[in-house]
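These notes concern the structure reproduced below.
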Amino acid sequence: MNANKSEVESVNTGQLSEKLIRKQANLKDKINELESFIKESPKSSTHKHQVTTLGENVRLSRTQIAELKNKTIKNFITFIFALILFGAVTYLLYLAL
Numbered sequence: 000m001n002a003n004k005s006e007v008e009s010v011n012t013g014q015l016s017e018k019l020i021r022k023q024a025n026l027k028d029k030i031n032e033l034e035s036f037i038k039e040s041p042k043s044s045t046h047k048h049q050v051t052t053l054g055e056n057v058r059l060s061r062t063q064i065a066e067l068k069n070k071t072i073k074n075f076i077t078f079i080f081a082l083i084l085f086g087a088v089t090y091l092l093y094l095a096l
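Numbering-wise (numbering that gives the first Met the number 0), the sequence shown opens with residue 0 and increments by one.
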């Protein structure tokens with residue numbers, strides 16, 4: 000009975016490993032298709048993440064510096080707005096009590 004059980008387990012393990020290998024190959028094919036689609040796309044820059052690297056030998060371009068400044072200013076304005084809104088809500092709650 001134990002031999003029969005181990006045979007079933009080995010068959011199941013073999014089938015599962017074959018399924019896994021097929022799915023991995025299928026995923027690799029899909030990834031390759033997506034990468035080729037993105038490379039061939041006329042607006043390929045919209046599909047890529049903008050990564051900023053700060054190293055000794057890597058310098059940021061003027062556009063990257065401008066984008067960073069704009070993002071920083073936008074985040075600061077959003078923070079100030081949230082702070083004012085929080086203060087207003089706190090003040091109104093204080094008046095209500």
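Where a beta carbon is used, it is the ideal one built from N, C-alpha and C, also for glycine. Values in this document were obtained by computation on a predicted structure and should not be read as measured data.
> In whole angstroms, what is the alpha-carbon distance linking F80 and L59?
Replying inline: 30 Å
> Where does S60 sit, in a helix, a strand or coil, going by DSSP?
Replying inline: coil
> How many Å lie between L67 and K73 at the Cα?
Replying inline: 10 Å
>> Can you tell me whether L91 is helix, strand or coil according to DSSP?
In response: helix
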